[in-house]
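Asker:
2 protein chains.
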Amino acid sequence: LDERLPLKKFSDFLPVVGIKPELSLGEGDTPLLRLGCLGRKQRLSYLFAKIESQNPTHSFKDRGTAVSIQKAVALGFKRFGTVSTGNMAASTAAYGARAGLETYVFLKEGTSRMSLMAAGVFNPHLVTVKGDYGCLFYESFSLGKKNNIYFSNSIDPFRIEGYKVTAYEIFLELGNGAPKYVLVPLSSGGHLIGLMRGFEDLKKDGYISSIPTFIGVQAEGCAPLARAYERGESVYTRIDKAETIAHSISNPDPPGGNVILRMIRDHGGIITAVSDQEMLEAQSMLTREEGVFCQLESATTLAALLKLRHGLSLKSTDRVVLVLTGSGLKSVPSLESAGFKSRELSLEELSETRL
Amino acid sequence: LDERLPLKKFSDFLPVVGIKPELSLGEGDTPLLRLGCLGRKQRLSYLFAKIESQNPTHSFKDRGTAVSIQKAVALGFKRFGTVSTGNMAASTAAYGARAGLETYVFLKEGTSRMSLMAAGVFNPHLVTVKGDYGCLFYESFSLGKKNNIYFSNSIDPFRIEGYKVTAYEIFLELGNGAPKYVLVPLSSGGHLIGLMRGFEDLKKDGYISSIPTFIGVQAEGCAPLARAYERGESVYTRIDKAETIAHSISNPDPPGGNVILRMIRDHGGIITAVSDQEMLEAQSMLTREEGVFCQLESATTLAALLKLRHGLSLKSTDRVVLVLTGSGLKSVPSLESAGFKSRELSLEELSETRL
Numbered sequence: 013l014d015e016r017l018p019l020k021k022f023s024d025f026l027p028v029v030g031i032k033p034e035l036s037l038g039e040g041d042t043p044l045l046r047l048g049c050l051g052r053k054q055r056l057s058y059l060f061a062k063i064e065s066q067n068p069t070h071s072f073k074d075r076g077t078a079v080s081i082q083k084a085v086a087l088g089f090k091r092f093g094t095v096s097t098g099n100m101a102a103s104t105a106a107y108g109a110r111a112g113l114e115t116y117v118f119l120k121e122g123t124s125r126m127s128l129m130a131a132g133v134f135n136p137h138l139v140t141v142k143g144d145y146g147c148l149f150y151e152s153f154s155l156g157k158k159n160n161i162y163f164s165n166s167i168d169p170f171r172i173e174g175y176k177v178t179a180y181e182i183f184l185e186l187g188n189g190a191p192k193y194v195l196v197p198l199s200s201g202g203h204l205i206g207l208m209r210g211f212e213d214l215k216k217d218g219y220i221s222s223i224p225t226f227i228g229v230q231a232e233g234c235a236p237l238a239r240a241y242e243r244g245e246s247v248y249t250r251i252d253k254a255e256t257i258a259h260s261i262s263n264p265d266p267p268g269g270n271v272i273l274r275m276i277r278d279h280g281g282i283i284t285a286v287s288d289q290e291m292l293e294a295q296s297m298l299t300r301e302e303g304v305f306c307q308l309e310s311a312t313t314l315a316a317l318l319k320l321r322h323g324l325s326l327k328s329t330d331r332v333v334l335v336l337t338g339s340g341l342k343s344v345p346s347l348e349s350a351g352f353k354s355r356e357l358s359l360e361e362l363s364e365t366r367l
Numbered sequence: 013l014d015e016r017l018p019l020k021k022f023s024d025f026l027p028v029v030g031i032k033p034e035l036s037l038g039e040g041d042t043p044l045l046r047l048g049c050l051g052r053k054q055r056l057s058y059l060f061a062k063i064e065s066q067n068p069t070h071s072f073k074d075r076g077t078a079v080s081i082q083k084a085v086a087l088g089f090k091r092f093g094t095v096s097t098g099n100m101a102a103s104t105a106a107y108g109a110r111a112g113l114e115t116y117v118f119l120k121e122g123t124s125r126m127s128l129m130a131a132g133v134f135n136p137h138l139v140t141v142k143g144d145y146g147c148l149f150y151e152s153f154s155l156g157k158k159n160n161i162y163f164s165n166s167i168d169p170f171r172i173e174g175y176k177v178t179a180y181e182i183f184l185e186l187g188n189g190a191p192k193y194v195l196v197p198l199s200s201g202g203h204l205i206g207l208m209r210g211f212e213d214l215k216k217d218g219y220i221s222s223i224p225t226f227i228g229v230q231a232e233g234c235a236p237l238a239r240a241y242e243r244g245e246s247v248y249t250r251i252d253k254a255e256t257i258a259h260s261i262s263n264p265d266p267p268g269g270n271v272i273l274r275m276i277r278d279h280g281g282i283i284t285a286v287s288d289q290e291m292l293e294a295q296s297m298l299t300r301e302e303g304v305f306c307q308l309e310s311a312t313t314l315a316a317l318l319k320l321r322h323g324l325s326l327k328s329t330d331r332v333v334l335v336l337t338g339s340g341l342k343s344v345p346s347l348e349s350a351g352f353k354s355r356e357l358s359l360e361e362l363s364e365t366r367l
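Just so you know, the sequences run in chain order A and B. Residues 13 to 367 in my numbering are what the first sequence lists, from first letter to last. Residues 13 to 367 in my numbering are what the second sequence lists, from first letter to last.
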């Protein structure tokens with residue numbers, strides 16, 4: 013049973029020894045799904061989606077939290093915490109509960125009720141903090157030191173190590189190969205750093221000859237890294253006011269930003285941004301045409317592909333992977349306005365209706 | 013990639029030939045998680061949960077829909093449908109969209125907005141039907157014949173075949189063994205029938221020497237099968253009015269009911285019922301103590317174990333599996349009333365607070 017754990021399977025690549033399987037919630041090992049319908053439309057025979065919603069708390073964050081919690085417990089911490097606007101809050105609260113640690117979740121003011129509850133059910137200390145989110149991020153580390161709390165924030169190095177596993181899985185799922193392109197939503201930068209490092213590991217060890225081209229995707233209303241990338245700058249400028257419905261990737265001052273800019277430049281990657289409308293349309297395409305209901309933020313990947321398709325040097329046989337980071341269920345409250353209509357009929361009316 | 017598909021892996025046991033991987037959404041292969049904390053409290057060293065929320069639409073229904081859709085496409089149907097109150101609606105709509113079939117979802121009057129939307133996003137024909145739900149179930153088959161729609165309802169034989177795979181996975185995850193007890197929520201009966209058949213297959217082929225004892229769990233407010241079981245009757249009596257918050261298992265007239273009663277009697281199984289309060293407490297225990305946030309209905313399994321624990325002949329080394337059928341995220345709207353509290357602090361106040 014334990015050998016099935018991705019953390020065990022790939023432990024040679026991870027900075028953790030003596031992995032405790034009882035701290036796992038069964039993260040990882042998610043499907044790489046071929047998108048046949050969308051692929052045909054884009055003339056891509058090998059378009060894939062990595063379905064991260066099939067993690068324990070329905071987002072990729074679990075992969076990172078799974079490594080952080082191993083470290084926190086190994087270091088003897090009794091308290092665990094994070095600063096988050098959504099997915100990471102639920103993930104951290106879940107793994108904290110699993111490990112029996114006292115857990116602190118610091119939320120941004122205005123965090124949605126859905127996010128609050130998805131974390132709150134695990135019974136952490138929930139604290140909504142008024143003030144600058146970027147400052148809170150750094151403040152949490154000194155609070156952690158003072159109060160003996162291991163803060164596993166978005167760019168915690170052990171969290172990032174967990175994201176490497178996604179790269180190893182994609183490699184195996186493609187029959188020991190690397191895709192040509194990997195598209196991933198870009199917020200703090202931790203996820204993209206982890207994915208790039210994972211493929212770098214594979215190259216270093218001779219499993220692949222070149223690493224994929226990475227495309228990090230931001231929301232136009234909050235795109236400090238896409239702006240810096242376009243201008244060829246190696247240091248990003250923080251955004252004053254984020255305006256996007258893609259809250260999970262709305263980070264005006266991404267802590268891993270400059271590392272990302274350097275890594276993307278070194279590897280010939282791309283950073284781009286898409287509009288809220290483009291995301292919504294891409295989310296709907298994935299749902300209606302492929303049966304894959306992902307979080308709005310995850311759909312930035314398809315939106316970016318549609319936008320960049322003709323500018324990319326892509327043969328129809330090239331493999332392209334969209335990393336769909338979270339579940340559409342978390343978007344449901346925000347879809348209320350979409351107003352799905354259900355026809356109402358009596359059983360008698362139904363029997364007489366031609367369908 | 014395709015070989016990883018559970019339907020391929022276990023195809024010798026399934027009535028489908030020429031499985032089309034493009035119809036799959038990556039169902040199955042869910043974790044079997046050891047519940048260490050709850051296990052210790054119950055003096056059970058090997059208490060496990062099968063985490064069915066890690067399926068594509070976050071419930072066990074996907075395993076069944078995955079087989080039904082193979083059959084529907086193989087038979088040449090262009091239309092697919094179901095009658096459901098929740099999870100099955102979303103699952104059917106997702107697989108229908110994936111296969112490019114026109115999909116019909118008949119919902120019971122009063123279906124929650126969350127359920128409506130979780131299915132609606134895939135763009136099926138949604139029809140809310142006023143009138144008797146039991147009648148609608150049977151009516152759908154004649155509607156299907158008339159309109160060339162393959163209705164994959166709760167006891168569709170191919171759907172049930174899909175649930176057998178869960179038994180095979182548990183067997184493998186336990187290192188080629190069967191648990192002593194398997195607890196599963198009980199509504200229409202399809203899921204439990206599939207699980208029992210799966211273990212029967214394993215016994216027939218000599219992989220295990222005896223099949224587990226099954227415990228089917230209903231909600232006290234809608235427990236036609238538990239009532240019949242307690243009275244030793246082989247035919248259940250339909251319930252006039254269901255009164256429970258566990259909507260997903262609130263079926264007053266379960267179509268597979270009499271088959272279940274016979275199978276449970278043949279195998280020495282048990283059918284029991286738990287109250288809404290017991291479910292809520294069990295859901296909270298799983299969430300807070302194990303980090304596993306399951307649907308309320310899934311928590312009936314733990315509630316039943318707590319209730320029956322001392323009446324069961326259980327050694328501390330016996331293996332017990334709770335089948336957690338769906339994700340807690342689907343319960344979030346109904347948890348609104350639970351009123352999670354978040355402390356509100358400014359960044360300055362936070363810095364000065366002793367945590």
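Using N, Cα and C, we set each Cβ at its ideal position, and we do this for glycine too. Predicted, not measured: the structure shown is a model, and the values here were computed from it.
Looking at chain A, is there any beta carbon in it that lies within less than 8 Å of the beta carbon of Thr312(B)?
Answerer: Taking Cβ atoms only, chain A never reaches closer than 8 Å to Thr312(B), which makes this a no.
Asker: Assign Val29(B) to one of two classes, buried (16 or more other C-beta atoms within 10 Å of its C-beta) or exposed (fewer than that).
Answerer: Its Cβ having fewer than 16 others within 10 Å, Val29(B) is exposed.
Asker: Is the beta carbon of Leu50(B) less than 8 Å from the beta carbon of Glu309(B)?
Answerer: The answer is no: Cβ separation not under 8 Å.
Asker: Using alpha carbons as the reference points, say which of Glu361(B), Ser328(B), Ser363(B) lies closest to Lys53(B).
Answerer: Nearest option by C-alpha distance: Ser328(B).
Asker: Nearest by alpha-carbon distance to Gly48(B): which of Arg110(A), Thr104(A), Gly338(A) is it?
Answerer: Closest by alpha carbon: Arg110(A).
Asker: Taking Arg300(A) as the query, report the chain B residues whose CB atoms sit under 9 Å from its CB, ordered along the chain.
Answerer: Residues of chain B passing the Cβ test: Ala109, Val133, Phe134, Asn135.
Asker: Could you tell me the boundaries of the alpha helix (DSSP H) in which Pro266(B) lies?
Answerer: No alpha helix (DSSP H) holds Pro266(B); DSSP gives it neither H nor E.
Asker: Using the three-state DSSP reduction, which class does Gln54(B) fall into: helix, strand or coil?
Answerer: Residue state, collapsed to three classes: coil.
Asker: Please list, in chain order, the chain B residues whose beta carbon lies closer than 7 Å to that of Pro369(A).
Answerer: Nothing about residue 369(A) can be read from this structure; chain A reaches only from 13 to 367.
Asker: Counting pairs of Cβ atoms below 8 Å between the segment 314-327 of chain B and the segment 93-109 of chain A, do you hit three or more?
Answerer: No: fewer than three Cβ pairs fall under 8 Å.
Asker: Quick check: the segment 122-131 of chain A against the segment 152-162 of chain A, are at least 3 beta-carbon pairs closer than 8 Å?
Answerer: The segment 152-162 of chain A is not in contact with the segment 122-131 of chain A.
Asker: Within its chain, find whatever has a CB closer than 8 Å to the CB of His279(B); leave out the 5 residues flanking it on each side and keep chain order.
Answerer: For His279(B), where only same-chain residues beyond five positions count, the Cβ hits under 8 Å are Met208, Ile223, Thr225, Phe226.
Asker: Looking at the unbroken alpha helix (DSSP H) that takes in Phe118(A), where does it start and where does it end?
Answerer: Taken as a continuous stretch (DSSP letters only), Phe118(A) belongs to no alpha helix (DSSP H), being part of the beta strand (DSSP E) at 114-120.
Asker: Less than 8 Å between CB atoms is the rule here; does Asp144(B) satisfy it with respect to chain A?
Answerer: Closer than 8 Å: yes.
Asker: Starting from the C-beta of Lys342(B), find all residues in its chain whose C-beta is less than 6 Å away, skip the five residues before and the five after it, and write them out in chain order.
Answerer: Answer for Lys342(B): Gln307, listed in chain order.
Asker: Quick one: is Gln66(B) near chain A, going by C-beta distance under 8 Å?
Answerer: Chain A contact via Cβ: present.
Asker: Taking 8 Å as the cut-off, decide whether the C-beta atoms of Val95(B) and Asn188(B) are in contact.
Answerer: Their beta carbons are not under 8 Å apart, which means Val95(B) does not touch Asn188(B) by this criterion.
Asker: Kindly list the residues whose CB is nearer than 7 Å to the CB of Tyr1(A), restricted to its own chain and excluding five residues on each side of it in sequence; keep chain order.
Answerer: Nothing about residue 1(A) can be read from this structure; chain A reaches only from 13 to 367.
Asker: Would you please verify whether the beta carbon of Cys147(B) is less than 8 Å from any beta carbon of chain A?
Answerer: Answer yes: the Cβ-Cβ gap between Cys147(B) and chain A drops below 8 Å somewhere.
Asker: Tell me whether His137(B) sits in a helix, a strand or coil according to DSSP, three-state version.
Answerer: Three-state result, His137(B): strand.
Asker: Counting only Cβ pairs nearer than 7 Å, list the residues of chain A close to Ile161(B).
Answerer: Here the neighbours are Leu367.
Asker: Strictly below 8 Å CB to CB, what residues from chain B border Met208(A)?
Answerer: Here the premise fails: no neighbours, minimum Cβ distance about 23 Å.
Asker: Please return the same chain residues whose Cβ sits closer than 7 Å to the Cβ of Ala311(B), not counting the five positions on each side in sequence.
Answerer: These residues qualify, in order along the chain: Met291, Ala294, Gln295, Leu298.
Asker: Closer than 8 Å, CB to CB, is Leu292(A) near chain B or not?
Answerer: Taking Cβ atoms only, chain B never reaches closer than 8 Å to Leu292(A), which makes this a no.
Asker: Taking Cβ positions only, does Glu34(A) come closer than 8 Å to chain B?
Answerer: At least one chain B Cβ lies under 8 Å of Glu34(A).
Asker: For Ala63(A), go through chain B and note every residue whose CB falls closer than 9 Å to its CB, in chain order.
Answerer: First, the amino acid is wrong: residue 63(A) is Ile here, not Ala. The answer, in chain order, is Leu37, Gly38, Pro68.
Asker: If you measure between the beta carbons of Ala369(B) and Ile261(B), is that distance less than 8 Å?
Answerer: Chain B is shown only over 13 to 367; residue 369(B) falls outside these bounds and no answer can be derived.
Asker: Which parts of the segment 53-85 of chain A are runs of the beta strand (DSSP E), unbroken and 3 residues or longer, counting only runs that do not cross its ends?
Answerer: Entirely contained in the segment 53-85 of chain A, the beta strand (DSSP E) runs reaching 3 residues are, in chain order, 58-63.
Asker: In terms of residues, what are the limits of the beta strand (DSSP E) holding Gln307(B)?
Answerer: No beta strand (DSSP E) holds Gln307(B); DSSP gives it neither H nor E.
Asker: Taking the runs of the alpha helix (DSSP H) that are 4 residues or longer, which of them lie wholly in the segment 292-346 of chain B?
Answerer: Complete alpha helix (DSSP H) runs here, min 4: 312-320.
Asker: Please report whether the beta-carbon of Cys306(B) lies at a distance below 8 Å from any beta-carbon of chain A.
Answerer: Output row for Cys306(B): interface = no.
Asker: By a C-beta neighbour count over all protein chains shown, 10 Å radius and 16 as the cutoff for buried, is Leu87(A) buried or exposed?
Answerer: The residue is exposed, with fewer than 16 neighbouring Cβ atoms inside 10 Å.
Asker: Could you tell me the distance, in whole angstroms, from the CA atom of Tyr107(A) to the CA atom of Leu35(A)?
Answerer: The alpha-carbon atoms of Tyr107(A) and Leu35(A) are separated by roughly 7 Å.
Asker: Fully enclosed by the segment 139-213 of chain B, which beta strand (DSSP E) runs are 3 residues long or longer?
Answerer: Those beta strand (DSSP E) runs which fall completely within the segment 139-213 of chain B and span 3+ residues are 161-163, 193-197.
Asker: What are the residues that DSSP puts in a beta bridge with Phe226(A)?
Answerer: Answer is Val194(A).
Asker: Which partner residues does Leu44(B) have in the DSSP bridge list?
Answerer: DSSP output for Leu44(B) lists Lys62(B) as bridge partner(s).
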